[in-house]
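Residue numbers (numbering that gives the first Met the number 0): 0 to 395.
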Amino acid sequence: MNILIINAGSSSIKYQLIQMPSELLNCKGLIERIGSEKSTVSYKTNTVKIEEVIEIPDHSAGFKKMSKLLMDPNKGVITNVKDIALVGHRVVHGGNSFSETTMITQEVKDKIRELSVLAPLHNPHNLEGILLAEEIFPNAEQIAVFDTAFHQTMPVKAKKYALPNELYNDHRIQAYGFHGTSHKYISEKAISHLKLNSSKIITIHLGHGCSITAVKDGKSIDHSMGFTPSNGLIMGSRSGDIDHALIFYLVNSLGYSLEAVNSLLSKKSGMLGLTGHRDLRDIEAKAITGNKECILALEMNAYRIKKYIGAYTAAMNGLDAIVFTAGIGENSSTLRSLVCTEMDYLGITLDPAKNESKSSNIREIGSAKAKVKILVVPTNEELEIAKQAFEIAQNQ
Ligand code: ADP
0 MNILIINAGS SSIKYQLIQM PSELLNCKGL IERIGSEKST VSYKTNTVKI
50 EEVIEIPDHS AGFKKMSKLL MDPNKGVITN VKDIALVGHR VVHGGNSFSE
100 TTMITQEVKD KIRELSVLAP LHNPHNLEGI LLAEEIFPNA EQIAVFDTAF
150 HQTMPVKAKK YALPNELYND HRIQAYGFHG TSHKYISEKA ISHLKLNSSK
200 IITIHLGHGC SITAVKDGKS IDHSMGFTPS NGLIMGSRSG DIDHALIFYL
250 VNSLGYSLEA VNSLLSKKSG MLGLTGHRDL RDIEAKAITG NKECILALEM
300 NAYRIKKYIG AYTAAMNGLD AIVFTAGIGE NSSTLRSLVC TEMDYLGITL
350 DPAKNESKSS NIREIGSAKA KVKILVVPTN EELEIAKQAF EIAQNQ
């Protein structure tokens, strides 16, 4: 069965065609800078690689370009729109309405639209992706996989803010958690790799966005991102945790508009604000040459992660494993080493040689004697979406 996975963002469409149950990746592609005259289109199969710069004025044009490539007589991987049986969509915010993957109906679409107030930068584009996919692949079942779903198991004591109750009861103000598909995928991989029956695991997703989850017996019980994906760890350009009263100071004393504060905290802060670079590879390269700002930013980043590991170990009253994933977590031995330094009290000790080893497979990088396992597990959100979509279709 061919499953098309769609991740439609504000100016991009990421897609993969995965065959299930073999989990074979037939092709993957990315259309970026939609709305500009110089949009980039990439498309890759086992035999073909295309990189183009053309004008893609809107998402509708992006979807048409994608389907044209998929069905191209020479470069394509399908012959007909009917060859796609299922389309699995990444949807960022499922609020409290969706605790699992769902077949898309009119009611589901209405709910996703309604939840746009909670994720204005994501849900409207995810919904547009659904509507366009329905148009282009009318025979395919459409399925939504929510980033927030995995965190629906967080107990109220973890997800509720200490605000007046009506804000929680009437206005749905609470921590929802994000990156759920990745945390679910890597925690399941880690649990099966370590053959654990009962388990206390901390999953650390470090990409452009960064988040950390306490996973007890396979369920998310606490998570660093909150009502929006801005809380918690230091990210590429997001500050993560700050004293919220700082916002009043920026507005009342320094003359910032609310819009400027929003842009400051989400687009100009984090590693970018600290170093002038968003990409960790640039920051590491400068740190090696002795750049003090870059060295400090790496230390701050790791220190924040260490504090969350301590907090979540306390929340679970123990720890079996920590799991690193995503662009930084999978590739940066430097950051992993900074996180795992002076953590032996908690039973975390790195094996430096294993930490430097490179592989695209799941690997253990902790010292053999250590109480807590340290794993690197490559994430694969698209495959997780395909698996969940396939499972739902099988159970129909
Ligand atoms: P996204 O959140 O967009 O999926 P990724 O998971 O691809 O992000 O991660 C992007 C981050 O991974 C970037 O900050 C990049 O610097 C970092 N990264 C990728 N490769 C390496 C590497 N070899 N060493 C250090 N950082 C890396």
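We treat Cβ as the ideally placed atom computed from N, Cα and C, and that holds for glycine.
No experiment lies behind these values; they were computed from the predicted model shown.
Ligand 1 heavy atom lying under 6 Å from the CB of residue 109: no
Cβ neighbour criterion (16 or more within 10 Å) applied to residue 237: buried
Span of the alpha helix (DSSP H) around residue 122: 122-135
Residue 330 CB to nearest heavy atom of ligand 1 below 6 Å: yes
beta-carbon residue 2 near ligand 1 non-hydrogen atom, thresh 6 Å: no
Proximity below 7 Å, CB of residue 376 to CB of residue 201: no
At least three beta-carbon pairs within less than 8 Å, the region 329-348 to the region 215-223: no
Residues of its chain near residue 207, where Cβ-Cβ distance is below 6 Å and the 5 sequence neighbours each way are ignored: 235
First through last residue of the alpha helix (DSSP H) which encompasses residue 157: 155-158
Three-state secondary structure (DSSP) of residue 348: coil
Whether residue 111 touches residue 122 by CB criterion (7 Å): yes
Check: residue 121 C-beta below 6 Å from any heavy atom of ligand 1: no
Close beta carbons around residue 68, own chain, < 6 Å, minus the five adjacent residues each side: 42
Heavy atom of ligand 1 within 6 Å of residue 327 beta-carbon: yes
Cβ contact (3+ pairs, closer than 8 Å) linking the region 33-42 and the region 6-18: yes
Rounded separation between residue 198 and residue 157 - CA only: 19 Å
Heavy atom of ligand 1 within 6 Å of residue 275 beta-carbon: no
N-terminal and C-terminal residue of the alpha helix (DSSP H) that residue 333 is part of: 332-339
Of the residues 103, 372, 274 and 15, the one placed nearest residue 75, counting alpha carbons only: 15
Identity of the residues DSSP links to residue 86 by a beta bridge: 3 and 141
For residue 177 and residue 91, the rounded distance between their alpha carbons: 7 Å
Beta-bridge partners of residue 323, as assigned by DSSP: 203 and 375
CB contact below 7 Å: residue 321 versus chain C: Of the chains in the structure shown, none is chain C; there is only one protein chain.
Beta-carbon proximity list for residue 294, same chain, < 8 Å, skipping 5 on both sides: 286
Integer Cβ distance of residue 283 from residue 331, believed to fall under 8 Å: 7 Å
Supposed close pair residue 210, residue 231 - CB separation, criterion 8 Å: 6 Å
DSSP bridge partner residues for residue 50 (one or two, in chain order): 41
Proximity below 7 Å, CB of residue 87 to CB of residue 2: yes
Residue 28 Cβ short of 6 Å to ligand 1 heavy atom set: no
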